[in-house]
Each structure stands twice: as structure tokens, then as C-alpha cells.
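The structure appears right after this line, and notes come after that.
Residue numbers (my numbering): 6 to 831.
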């Protein structure tokens with residue numbers, strides 16, 4: 006029903022028509038028609054089609070109800086406020102029209118039970134009226150200075166004085182709605198928001214207006230699936246990670262990879278989560294596609310600084326990807342067939358609305374494109390992948406909900422009919438959410454994350470081999486959120502990760518192979534963390550987030566530890582002893598506090614400044630001789646020789662919205678320091694190296710930069726323009742390395758790109774047709790080149806420049822796409 010349509014509702018068995026702020030009592034069909042702006046057929050059709058839901062009676066049309074109205078009963082008191090009709094008495098008969106919800110008075114809690122209270126807490130879920138899915142980041146407000154937002158479960162909690170209030174519920178792309186509530190005691194109120202069919206002049210494509218001004222945390226980028234699908238991509242496959250690299254402070258690790266660098270951090274310093282599961286390799290086909298099916302994504306959040314205290318284990322950023330929960334109203338599906346991939350997602354209720362599911366899968370048939378390549382080696386190659394995801398959510402009762410998630414991705418690539426590469430992620434977890442009361446709830450999570458890769462060569466039967474690596478982590482978490490009042494929201498909890506790592510194996514593929522088996526020692530470790538944080542709103546202008554996280558890492562046996570001679574460079578020739586440790590024996594322990602502080606001061610409704618400081622620790626390291634995420638990358642746990650990475654970041658920013666919040670601007674500066682970052686000796690061997698500590702170098706790093714962004718969030722033309730100037734420099738900080746890089750001075754990191762410009766533009770011609778463009782310019786990345794050739798002892802030698810002394814040429818790319826959407830009919 007359109008917003009200009011009239012409202013019909015019942016109170017005390019009397020009948021009203023509300024239209025454009027006027028309330029008229031009616032008792033027959035002619036009276037209804039007389040109150041409406043015209044008497045044409047469309048009006049008669051509307052009146053006859055509306056239904057009333059009578060208690061203990063059959064559903065009847067308005068025509069019949071009005072004909073039998075009792076004209077002798079006194080009409081109840083009503084009032085009109087701000088063009089909204091407010092009925093002050095509780096109705097005994099309700100209609101199914103959404104407009105009635107805004108006009109009825111919800112009386113929550115027994116007055117006798119809450120007699121001693123001066124303030125009460127209202128809590129509940131905000132959901133999509135079409136699908137029944139909860140809405141993350143929706144706002145609930147009662148007045149200018151009393152606003153809360155829903156969490157990752159779509160749950161809100163707001164404390165108000167006892168009495169009557171008008172609450173406003175809103176979310177991006179949804180129609181705003183209000184509720185009249187009489188609060189006598191703590192109560193629950195779930196609200197559904199309906200989609201807003203906006204004109205082209207009011208198309209909103211990003212988060213809630215001025216949320217960038219109000220949000221306490223800085224350097225947080227939020228994306229919806231609409232944002233992701235607006236960016237042009239190869240072969241029409243929307244890609245989450247490609248969109249991430251268009252944001253300020255984020256650079257692409259390479260054109261052929263899905264790794265990304267955030268504010269001078271290496272690709273392994275990003276914690277990538279999918280429904281709280283750790284994804285070690287988020288790519289398909291060596292980085293050609295991301296591992297996330299866009300049809301299943303609900304939202305994406307990237308934290309570049311002011312990382313919440315509940316996250317730990319990585320130095321640079323957290324990328325949190327969440328999937329849909331499932332349509333509780335009906336079974337629905339979406340699918341697609343493209344030049345390279347096909348996909349299908351189905352969601353809906355399972356037996357009842359209390360249980361929902363989402364199941365999706367995607368696969369490729371890309372071999373045909375390889376056959377078209379000019380190189381014979383590639384024409385004989387094969388590539389395939391698939392990924393699948395299943396979510397089942399069950400609401401046991403208003404206080405208990407369960408969430409089950411399973412995810413799998415698998416890749417297989419055969420090069421020139423010789424070497425076959427296989428890798429995949431396998432993840433599952435289960436969550437239990439329990440609401441203790443309106444102010445406190447907790448979430449218990451347990452699960453397992455697994456990543457493995459293998460390289461298989463069978464062309465030569467005598468040398469046929471299989472090489473592989475795997476990492477497995479079992480995790481448990483407990484998180485609690487307590488909102489004692491609207492000024493404070495405390496988050497506290499703990500998490501634990503048990504690592505089991507197979508650093509590598511090399512086995513003969515068949516009995517005829519002459520390959521000698523090699524197996525590196527398996528590694529085990531336990532990482533624990535506890536945290537507490539408070540979001541404190543001092544007043545409407547000033548708010549602060551203060552958090553503390555304490556991490557404890559233990560490297561465990563069984564393991565044979567090589568002891569190197571003290572004071573001299575580590576090498577296989579300097580090993581003086583080997584010490585064996587039994588199962589679960591603690592070999593080495595590291596522990597440290599991590600501080601998370603952020604402050605926001607709002608000068609006005611459209612201008613604010615923010616600052617943050619945070620420290621981080623990382624106990625796992627990626628070993629890679631490339632700048633992108635590769636399937637042959639391995640991981641190494643912190644031990645007695647390789648220390649945990651340490652990071653510290655200061656950042657500040659100015660945010661201002663213009664033109665009624667339709668134009669968002671921001672300027673941020675940051676400075677980061679890093680310790681114990683791994684770099685490699687010249688000619689280092691990273692695969693199947695039992696003495697990896699002798700080939701890596703501990704480095705100290707610093708990164709600093711300026712980020713600017715202009716974002717247009719409404720209208721036919723929308724998108725953003727971002728510019729980043731940054732530097733990332735490393736310096737050897739390892740006296741036992743035995744090799745001096747760049748004479749001990751700072752040198753550019755391999756992903757140091759000083760200038761980055763990104764433009765994303767989308768112009769919508771109609772509700773179905775639009776055009777999008779993506780323009781990228783970046784500085785060339787550093788590279789080490791040979792600068793001379795000479796002979797020594799009859800052998801030709803190559804002399805290389807200093808580490809990363811030169812740069813590849815600057816990079817420029819422009820993409821454009823034409824988008825034709827469906828007709829939006831089910």
C-alpha cells in the first residue's frame with residue numbers, strides 16, 4: 006500500500022478512516038467513500054480489498070463491517086500530531102494493515118510490577134517484513150539524544166524513563182516507522198521494516214544517513230551487496246575483495262590475486278572472517294575470483310583501525326563477512342549462469358518460521374576459455390572450483406536461539422597436463438545465543454577451521470610426487486553484551502584457539518616413484534584471549550570507546566627444538582643441540598595486553614572529528630615468496646626463535662556531510678609501527694624447510710599515510726572517489742640474521758605504493774538499467790633487479806640492486822559495465 010493511501014482501522018468496534026492527517030468516523034460504505042479524495046473505481050477497489058482480522062470471527066471486507074456499524078457507541082478520544090493519527094485507547098479489534106501499528110498504543114509491562122522503577126529497558130529484534138531476516142545496524146531513537154543501533158543479530162536494547170514514548174525505527178533502504186509505547190516495566194517489542202520504493206532522485210546506496218558522523222569508531226567501512234554489485238568486474242561476477250581494494254587505505258596485492266594490504270600491512274596481517282569462521286585463502290583460481298558467493302552475502306565490515314577488542318590475532322585489519330540468515334516468510338531462490346560460473350541459492354523456513362535455512366553453491370566451467378589461449382601449455386591446462394554454504398537458524402524460544410553454519414571451498418588447477426594444484430577451506434561452527442534479560446545477553450560459539458593445499462606431479466612416473474600443507478584450528482568463544490543504560494554498553498568475553506599445523510610433506514605418488522618421503526614436524530599451539538570494552542556516550546557530542554584485550558600464546562609439544570649457538574647468526578652449521586618436548590608440554594609462552602581506544606566529538610549533526618589508538622599482536626606468520634595470496638603459501642606458528650608480530654597505530658580523522666547528508670567527505674591520517682615482521686634472506690627456501698628460522702629475518706616497520714574520500718550516497722549518480730598517499734618502510738632488526746639488508750637502513754616493503762586513486766561511479770537510468778565504472782591508478786610496486794653480471798672463478802654471477810630499490814611502472818585501469826536487473830517480480 007502506498008504512503009498516500011488512506012488508513013482504515015477499528016477501535017472499540019467503531020470504524021475510522023484516516024487520510025492526510027484527518028480522522029473521520031464512518032458507519033457505512035458511502036461514508037467511507039465520502040472521506041476519500043475521489044469516488045472513482047480505484048477507490049472502491051481499495052475499500053473492498055482491505056481485510057479486518059476479527060478475534061473469534063471470520064475475515065470480512067470493509068464493506069460488510071461498515072454496514073453493521075453501531076452508531077450509538079461514543080467514539081473514543083483521538084488526536085492528530087505531526088500529521089500522524091494517534092489512538093489513545095487500546096484497540097480490541099485490529100486490522101492487518103501496517104499503518105495500524107503506528108497508530109495503536111503498545112502498553113508494555115505491568116504497572117504494579119514496575120512501580121518502584123523510574124526507568125525501564127525495552128529490547129527486541131528489528132526484521133525485514135518481506136523476508137523476516139534481522140536487520141543489522143538499524144537505529145532505534147526516542148528523541149535527538151537517545152539513539153541505539155541493532156547488533157550483529159539485529160537485536161536492540163534501549164533504556165527509557167517510565168511513561169509514554171514515540172520510538173522511531175529506521176534502516177538504510179527501509180521505510181521508517183514509529184511506535185507509540187507506554188512503558189510500565191521492562192518489555193520486548195519486535196518491529197518489522199518494509200522496503201522503501203524510492204524514486205530515482207532518492208536512491209540511497211549506503212548506510213544510514215550521517216552514521217559516519219555519529220559512529221564512535223573510525224576507519225570502519227561497511228558495504229552491502231548492493232554496493233558490491235555496482236562495481237564492474239570481469240565476466241559479471243560480483244567480487245567482495247575487489248570492492249574492498251577500492252576503499253581508501255586498501256591496496257591490491259596484485260592484478261592476479263585477491264590478497265589486499267591495509268595501511269602498510271602484509272596480506273597475512275588481515276583477519277578474514279565468514280560468519281566468524283577464519284578463511285585462510287579467500288580466493289578461487291589463483292585469485293581470479295573471491296571465495297564468497299555474492300548471492301549469500303548480507304553485509305561486509307572492514308576495520309582498518311580502532312579494531313574492536315573482541316577481535317585478535319592479526320596486526321592490520323579485520324574483514325568480517327556475514328551471510329543471510331534465511332527467509333522466514335517463504336521459500337525463495339536466486340541463481341545465475343555466466344560465461345564462467347553458475348550459482349544457486351535457496352532460502353526459506355524449515356518446518357516453521359522458527360527455523361530458517363540458506364543453502365547455496367557455486368561452480369565453474371572455465372576450461373573452455375583456457376582452450377582459447379594462444380599458448381599451447383595453457384590450452385592443455387584445466388581449472389575448476391566450487392564453494393558451498395549452509396546456514397540453519399532456530400529460535401527455540403524468545404530467550405534462546407541457535408545458529409549452525411557450514412562452508413566449503415575447493416580448487417583444482419592442472420598446468421600443462423603436468424602439475425596439479427588443489428587447495429580448499431573447510432569451516433563449521435555452532436552458536437547459542439541466550440538473553441538473560443533486556444540488558445544482558447551472551448553468545449557461545451564453537452567450531453573448526455581447516456585449510457589445506459597439495460601439489461601433485463605425475464608426468465614422470467619415476468619422479469611423481471605429492472607435496473602438501475595443512476592447518477587446522479578448533480576454536481571456542483564466549484561473548485557477553487551488557488547495556489546498563491543508554492550511556493554505557495559493555496562487551497566482555499574470551500576466546501581460545503587450538504592450532505594444529507602440518508608444515509609440509511613430500512611423498513612419492515606411486516610405488517614406481519623414486520621420490521624419498523619427507524615430513525616436517527607437526528606444530529601445536531594454544532592461543533587464548535580475554536577482553537572487556539565500554540562504549541561510553543558522555544553526551545550527544547562526545548563519546549569514547551575504551552577496550553582492553555589480554556592475549557596468551559603457548560607453543561606446545563611434541564616437538565624437537567633446534568638450539569643454535571648464542572650470539573652468532575643462525576644456520577644449520579650453528580645448531581649445537583636438539584631438545585625434545587613431549588605432547589602438550591609448553592615450549593615457549595608469550596603474553597601481552599592490547600589496548601583499543603577511540604574518541605569522537607561531533608561539532609554538529611554533520612561534522613565530527615575522531616581519533617584512535619590501538620595495539621595488536623599476531624602469533625602466526627605466512628611464509629610466501631610472492632606479494633599475493635598463493636595456494637602454495639604456508640603458515641608458521643610463533644616459537645622460541647620466531648617472535649610474535651607487534652603493531653601500534655595512531656589515527657585521526659575529520660568527517661563532514663554536505664547537501665542534506667547526500668555527500669559524505671572524510672580525511673584521515675595514520676601512523677603505524679610494527680615489530681618482528683618477517684622478511685627473507687636472499688635465496689631463502691620456504692617450502693619443506695625444517696630450519697626455517699635460519700632463512701627468515703626479523704624486521705621493524707613503519708607506515709604512515711593520508712586518506713581522503715568523497716562519497717555520493719543518493720540520487721541517480723552515486724559512488725565514491727578516494728585518494729591515498731602512504732609509505733611502508735622496513736628495516737632489518739635481527740642481529741642473528743647473518744645478512745644485512747640495505748646496509749641496515751629502511752627500504753620499501755614489496756607492497757609499498759605511495760599513490761592510489763580509485764573512482765567508483767554508478768548512474769541509474771531506471772529502476773532496472775544502470776551503468777557503472779571503476780577507474781584505478783596506483784604507483785608501481787618496488788622490485789629488486791639484477792644490475793650487473795660478472796665472472797668469479799670461471800662461474801658467471803649476478804649482482805642485484807639493494808632490496809626493492811626499483812619500481813615497476815605505474816598501473817592504470819578503467820572498467821565499465823552495463824547492468825540490467827530483473828523485473829522484481831516473484
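The C-beta atom is built at its ideal place from N, Cα and C for all residues, glycine as well. Quick caveat: nothing in here was measured; it's all calculated off a predicted structure.
Relative to the alpha-carbon of residue i, which residue among the options has its alpha-carbon at the smallest distance?
| i | options | result |
| --- | --- | --- |
| residue 524 | 538, 135 and 506 | 506 |
| residue 526 | 476, 278 and 670 | 476 |
| residue 503 | 175, 749 and 642 | 642 |
| residue 434 | 755, 696 and 481 | 481 |
| residue 760 | 769, 730 and 392 | 730 |
| residue 474 | 428, 696 and 264 | 428 |
| residue 368 | 183, 340, 361 and 382 | 340 |
| residue 181 | 107, 669 and 445 | 107 |
| residue 776 | 749, 722 and 755 | 722 |
| residue 736 | 560, 748 and 456 | 748 |
Leaving out five residues on either side along the sequence, give the residues of the same chain with a beta carbon under 8 angstroms from the beta carbon of residue i.
| i | result |
| --- | --- |
| residue 209 | Its pLDDT being 37, under 50, residue 209 is placed unreliably by the model, and nothing is read from it. |
| residue 514 | 461, 462, 463, 469, 470, 471 and 520 |
| residue 581 | 568, 569 and 570 |
| residue 668 | 662, 715, 716, 717 and 718 |
Report the partner residues of residue i according to the DSSP bridge assignment.
| i | result |
| --- | --- |
| residue 787 | 812 |
| residue 638 | Paired residue(s): none; residue 638 is not in a bridge. |
| residue 513 | 470 |
| residue 598 | 555 |
| residue 171 | 185 |
| residue 3 | Only positions 6 to 831 of the chain appear in this structure, which leaves residue 3 out of reach. |
| residue 612 | 609 and 661 |
| residue 776 | 768 and 823 |
| residue 677 | 654 and 708 |
| residue 257 | 265 |
Which residues in the same chain as residue i place their Cβ atom closer than 6 angstroms to its Cβ, once the five residues preceding and following it in sequence are excluded?
| i | result |
| --- | --- |
| residue 726 | 715 and 764 |
| residue 655 | 618 and 676 |
| residue 356 | none |
| residue 364 | 351 and 395 |
| residue 817 | 782 |
| residue 815 | 784 and 785 |
| residue 646 | 698 |
| residue 535 | 499 and 555 |
| residue 410 | 280, 396 and 434 |
| residue 833 | Within the shown structure, residues of the chain are numbered from 6 to 831, placing residue 833 beyond reach of any answer. |
| residue 354 | 333 and 361 |
Suppose the cutoff is 7 angstroms on Cβ atoms and the five residues either side in sequence are ignored; what does the same chain contact list for residue i look like?
| i | result |
| --- | --- |
| residue 813 | 785, 786 and 788 |
| residue 166 | 123 and 124 |
| residue 492 | 541 and 542 |
For a test of the three-state rule: what should DSSP assign to residue i, helix, strand or coil?
| i | result |
| --- | --- |
| residue 3 | Residue 3 lies beyond the stretch modelled for the chain, which goes from 6 to 831, so this question has no answer here. |
| residue 563 | coil |
| residue 231 | helix |
| residue 246 | helix |
| residue 290 | helix |
| residue 520 | coil |
| residue 647 | coil |
| residue 818 | strand |
| residue 154 | strand |
| residue 44 | Caution is warranted here: a pLDDT of 43 is assigned to residue 44, below 50, making its placement in the model unreliable, and no coordinate value can be reported. |
| residue 449 | strand |
| residue 746 | helix |
| residue 381 | helix |
| residue 281 | coil |
| residue 211 | Note that residue 211 has pLDDT 38, beneath the 50 cutoff, so the model's placement of it is unreliable and no number is given. |
| residue 793 | strand |
| residue 221 | coil |
Does the segment 765 to 784 come close enough to the segment 690 to 710 that 3 or more CB-CB pairs lie under 8 angstroms?
no
Could you tell me whether the segment 380 to 387 touches the segment 415 to 422, using the rule of 3 or more Cβ pairs below 8 angstroms?
yes
Count the CB pairs spanning the segment 266 to 282 and the segment 188 to 196 that are closer than 8 angstroms, and state whether there are at least three.
no
Could you tell me whether the segment 280 to 294 touches the segment 594 to 612, using the rule of 3 or more Cβ pairs below 8 angstroms?
no
Contact between the segment 216 to 230 and the segment 677 to 687: three or more CB pairs below 8 angstroms?
no
The segment 546 to 554 / the segment 582 to 589 touching (three or more Cβ pairs under 8 angstroms):
no
For the 8 angstroms Cβ check, are there 3 or more pairs between the segment 319 to 331 and the segment 295 to 309?
yes
Contact the segment 146 to 156 vs the segment 435 to 444: 3+ CB pairs below 8 angstroms:
no
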